[in-house]
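Residue 243 is where the sequence shown starts when you use the working numbering, and the numbers rise one by one after that.
A short worksheet on the structure shown next.
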Amino acid sequence: MNFKEIQELIRMIDRSKLAEFKMKEGEFEITIRSQKYYENKGAPQYAPAYSPPPASPPIVQNQQADPVPASSKPAASADTPAPPAVSSGLLEIKSPMVGTFYRSPSPDKPPYLQVGDIVKPGSLVCIIEAMKLFNEIESDIKGKVVKIVADDASPVEYDQVLFLVDPNV
């Protein structure tokens with residue numbers, strides 16, 4: 243199944259009365275749950291409307307004067323990737339889709355993960371809302387959560403780092 247077929251399937255389910263749809267075709271397996279699924283569970287849901295995060299001042303990492311003048315530094319380019327977390331021995335749990343990141347199943351429930359929690363492959367780490375569907379995201383790695391990178395109820399991009407995990411636990 244290609245991306246366009248999945249998108250059309252999501253649109254069809256969104257327009258239908260279905261609460262949940264599961265499909266397995268060989269190794270490919272997909273579960274799509276609409277908001278109706280969560281409403282039937284009795285848990286209050288997040289509002290699907292997007293509101294941009296409040297503007298905040300830039301974070302200053304280093305208060306000391308820079309000994310190298312800006313003119314002698316190489317210019318940063320969009321092609322230069324940020325250093326991966328793997329160099330510090332940490333693994334990343336990344337967003338598999340574009341949407342809104344939620345740390346808990348509903349506003350009155352505790353978050354799936356806290357810093358210091360142990361995560362295992364298959365354990366639920368967050369929910370990402372995309373096209374009015376709440377997608378449960380599972381870990382594919384094992385380790386201790388050392389940092390939660392994404393802010394709750396904030397928009398995330400495909401392949402954006404959500405959590406940093408120390409596998410040496």
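Idealized CB from N, CA, C, for every residue including glycine.
Checking the DSSP bridge columns, you'll see Asn377 partnered with Ile370. With fewer than 16 other CB atoms across the displayed protein chains lying within 10 angstroms of its CB, Arg257 is exposed. In this structure Val367 is buried. Its beta-carbon is surrounded by 16 or more other beta-carbon atoms within 10 angstroms. Residue pairing by DSSP places Leu406 opposite Glu334 and Lys389 in a beta bridge.
Proximity to Asp393 across Lys351, Phe405, Ile252 and Ala261 peaks at Phe405, based on C-alpha coordinates. Cβ atoms of Glu262 and Arg275 come within 8 Å of each other, at about 5 Å. Residue range Glu262 to Glu267 is occupied by the beta strand (DSSP E) that includes Lys264. Taking all protein chains in view, the Cβ of Gly341 is crowded by 16 or more other Cβ atoms within 10 Å, so the residue is classified as buried. Cβ-Cβ distances below 6 Å link Val388 to Leu406 and Asp408 in the same chain, with the five nearest sequence neighbours on each side left out; the list follows chain order.
As computed with DSSP, Glu271 is found in a beta bridge with Lys266.
Within the model, the alpha-carbon separation for Ile248 versus Ile272 is close to 9 Å. About 14 Å separates the beta carbons of Val391 and Ile370, which is beyond the 8 Å limit, so they are not a contact pair.
Ile379 and Gln356 have their C-alpha atoms some 15 Å from each other.
Annotation for Val361: Ile335, Leu355, Val367, Ser381, Ile383, Lys384, Gly385, Lys386, Val387, Phe405 and Val407 place their beta carbon closer than 8 Å to its own, counting only its chain and skipping 5 residues before and after. Going by beta carbons, Gln402 and Ser348 fall outside the 8 Å limit. In the DSSP assignment, Pro397 falls within the unbroken beta strand (DSSP E) covering Ser396 to Val398.
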